[in-house]
Amino acid sequence: MNKINKRVKSAIYVRHFESIFKCPTCGSSMKVSESKSLTCSRNHTFDFTKQGYLNLATNQMKTKYSRELFEARRKLMTEADFFDPLIQFISTVINEHSGNKKDEIAVLDTGCGEGSHLSTICDRLSSDFKKEVMGVGIDISKEGILTAAKNYSDKIWSVADLTNTPFQNGTFDVILNILSPSNYEEFNRLLNTNGLVVKVVPQSDYLKELREGLFDDPEKQRYTNAETVKRFNENFHFVDHSRLRYTVNLDNPFIQALVQMTPLSWAATNEQVNSFLEKDSAEITVDLDILIGKKT
Ligand SMILES: C[S@@+](CC[C@H](N)C(=O)[O-])C[C@H]1O[C@@H](n2cnc3c(N)ncnc32)[C@H](O)[C@@H]1O
Ligand SMILES: [Zn+2]
Numbered sequence: 001m002n003k004i005n006k007r008v009k010s011a012i013y014v015r016h017f018e019s020i021f022k023c024p025t026c027g028s029s030m031k032v033s034e035s036k037s038l039t040c041s042r043n044h045t046f047d048f049t050k051q052g053y054l055n056l057a058t059n060q061m062k063t064k065y066s067r068e069l070f071e072a073r074r075k076l077m078t079e080a081d082f083f084d085p086l087i088q089f090i091s092t093v094i095n096e097h098s099g100n101k102k103d104e105i106a107v108l109d110t111g112c113g114e115g116s117h118l119s120t121i122c123d124r125l126s127s128d129f130k131k132e133v134m135g136v137g138i139d140i141s142k143e144g145i146l147t148a149a150k151n152y153s154d155k156i157w158s159v160a161d162l163t164n165t166p167f168q169n170g171t172f173d174v175i176l177n178i179l180s181p182s183n184y185e186e187f188n189r190l191l192n193t194n195g196l197v198v199k200v201v202p203q204s205d206y207l208k209e210l211r212e213g214l215f216d217d218p219e220k221q222r223y224t225n226a227e228t229v230k231r232f233n234e235n236f237h238f239v240d241h242s243r244l245r246y247t248v249n250l251d252n253p254f255i256q257a258l259v260q261m262t263p264l265s266w267a268a269t270n271e272q273v274n275s276f277l278e279k280d281s282a283e284i285t286v287d288l289d290i291l292i293g294k295k296t
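If you're matching positions, the sequence shown starts at 1 in full-length UniProt numbering and goes up one per residue.
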């Protein structure tokens with residue numbers, strides 16, 4: 001498919017869901033116009049890019065997340081199934097706690113990065129639980145959204161700030177927030193009655209082998225969640241709190257991707273990074289807290 005077609009194809013897809021948007025500039029409702037733009041009733045216009053995503057961020061923020069980082073995350077997810085148990089867990093949770101009475105689910109991934117989590121979760125909800133899913137992914141990083149739009153169609157991808165999103169109140173059944181910052185006031189505004197929020201945060205052993213390889217004092221980089229859990233439970237009705245811990249054996253090409261995919265290496269010396277990169281293989285621990293709440 002050529003790039004012009006991708007722009008038009010996205011516009012046609014988004015037209016089915018145009019009522020979810022509110023103008024990032026003035027807050028009024030929006031429509032897809034001429035199969036190329038999303039335009040509000042006061043004529044603020046946002047064009048679909050040639051890759052098929054929208055840029056609805058009011059401030060363009062520079063982030064340290066590069067295209068290489070997102071490509072590395074994607075490689076680990078799609079070729080090494082690095083987060084597969086997590087994806088399976090989240091899909092089941094959504095089906096149990098939100099979707100089991102509904103056949104159609106609107107899912108927003110806030111800080112979706114390169115989009116593999118959202119895409120795979122939507123696919124699982126369709127294939128395993130026979131749901132019709134509208135998947136929307138937002139990230140402040142243009143590089144992340146561009147990578148998502150290139151690889152996954154039939155989703156809505158937008159550069160947007162999760163603290164001030166371009167969507168109407170009560171639009172979503174589920175909000176995903178995976179290893180990303182959050183804004184609970186905004187999440188509550190976006191969720192419909194009984195809407196579910198699934199937040200994933202690192203637990204103490206997350207990537208511990210990498211941290212041990214990169215830092216003389218791995219305790220310095222140890223994750224502690226007590227404050228995050230407390231804040232989450234103050235903002236949502238508690239549904240569940242699970243810890244998911246497993247290991248994945250990675251061989252060298254995936255070790256390269258692991259080092260590239262995480263901001264952890266930004267704080268390490270070149271020497272430490274290089275010595276980790278020389279490993280033939282490594283057993284890597286994934287250790288995550290999954291917080292599940294409902295709209296208050
Ligand atoms: C560690 S990455 C996780 C990405 C993805 N959820 C994953 O698990 O692969 C954190 C993401 O949060 C995004 N992010 C940070 N601040 C944001 C904001 N204010 N609005 C939207 N996205 C943001 C970053 O650009 C980055 O893609
Ligand atoms: Zn407007």
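The beta-carbon is built from N, C-alpha and C at its ideal position, and this holds for glycine as well.
All values derive from a computational prediction rather than experimental measurement.
To the nearest angstrom, how far is it from the Cα of Asp81 to the Cα of Arg211? On the sequence shown, position 81 is the one that residue 81 refers to. On the sequence shown, position 211 is the one that residue 211 refers to. Straight-line Cα distance between these residues: approximately 21 Å.
Just reading off the beta strand (DSSP E) that Ile140 is part of, what are its end residues? Counted from its first residue, the sequence shown places residue 140 at position 140. Note, Ile140: premise wrong, no beta strand (DSSP E); not H, not E.
Going straight from the alpha carbon of Tyr53 to that of Leu258, what length do you get? One-based indexing of the sequence shown puts residue 53 at position 53. One-based indexing of the sequence shown puts residue 258 at position 258. Near 27 Å, if we compare the C-alpha coordinates of Leu258 and Tyr53.
Three-state secondary structure (DSSP) at Phe166? Within the sequence shown, the letter at position 166 stands for residue 166. Residue identity differs from the one stated: residue 166 is Pro in this sequence, not Phe. Correct three-state label for Pro166: coil.
Cβ-heavy atom distance between Ser180 and ligand 1 below 7 Å? On the sequence shown, position 180 is the one that residue 180 refers to. Indeed, a heavy atom of ligand 1 lies less than 7 Å from the Cβ.
By a C-beta neighbour count over all protein chains shown, 10 Å radius and 16 as the cutoff for buried, is Ser275 buried or exposed? Within the sequence shown, the letter at position 275 stands for residue 275. Per the 10 Å Cβ criterion, exposed.
Check whether the Cβ of Cys112 sits closer than 7 Å to any heavy atom of ligand 2, and report yes or no. Your numbering for residue 112 matches position 112 in the sequence shown. Flag unset: Cβ of Cys112 not near ligand 2.
Let me know the secondary structure DSSP gives Met261 once reduced to three states. Residue numbering aside, residue 261 sits at position 261 when the sequence shown is read from its first letter. Helix, per DSSP.
Tyr13: CB within 7 Å of a non-hydrogen atom of ligand 1: Walking along the sequence shown from the start, residue 13 turns up at place 13. No, since every heavy atom of ligand 1 falls outside the 7 Å radius drawn around the Cβ of Tyr13.
Let's test the definition: count the other Cβ atoms within 10 Å of the Cβ of Met261 and tell me whether it reaches 16, buried, or not, exposed. Reading the sequence shown from its first residue, position 261 is the one you call residue 261. Result: buried.
Coarse secondary structure for Asn188, derived from DSSP in three states: To locate residue 188, count along the sequence shown from 1; it is residue 188. If DSSP states are grouped into helix, strand and coil, Asn188 belongs with the helices.
Counting pairs of Cβ atoms below 8 Å between the segment 235-245 and the segment 273-292, do you hit three or more? yes
Looking at the strands, I want to know which residues DSSP matches up with Ser37. Position 37 of the sequence shown holds residue 37. Ser33, Asp47, per the DSSP bridge assignment.
Who pairs with Val197 in a beta bridge, going by DSSP? On the sequence shown, position 197 is the one that residue 197 refers to. According to DSSP, which records beta bridges pairwise, Val197 is partnered with Ile175, Gly293.
Specify, as a first and last residue, the run of the beta strand (DSSP E) that Asp251 falls within. Against the sequence shown, residue 251 aligns to sequence position 251. Segment 237-251, the beta strand (DSSP E) holding Asp251.
Status (buried if at least 16 other CB within 10 Å, exposed otherwise) for Ala267: Working through the sequence shown from its first residue, we reach residue 267 at position 267. Classification for Ala267: exposed.
Pairing CB atoms from the segment 90-104 with CB atoms from the segment 159-167, are three or more of them under 8 Å? no
Have a look at the DSSP bridge pairing and note the partners of Leu54. Taking the sequence shown and counting its residues from 1, the one referred to as residue 54 is at position 54. Beta-bridge pairing links Leu54 to Ser158.
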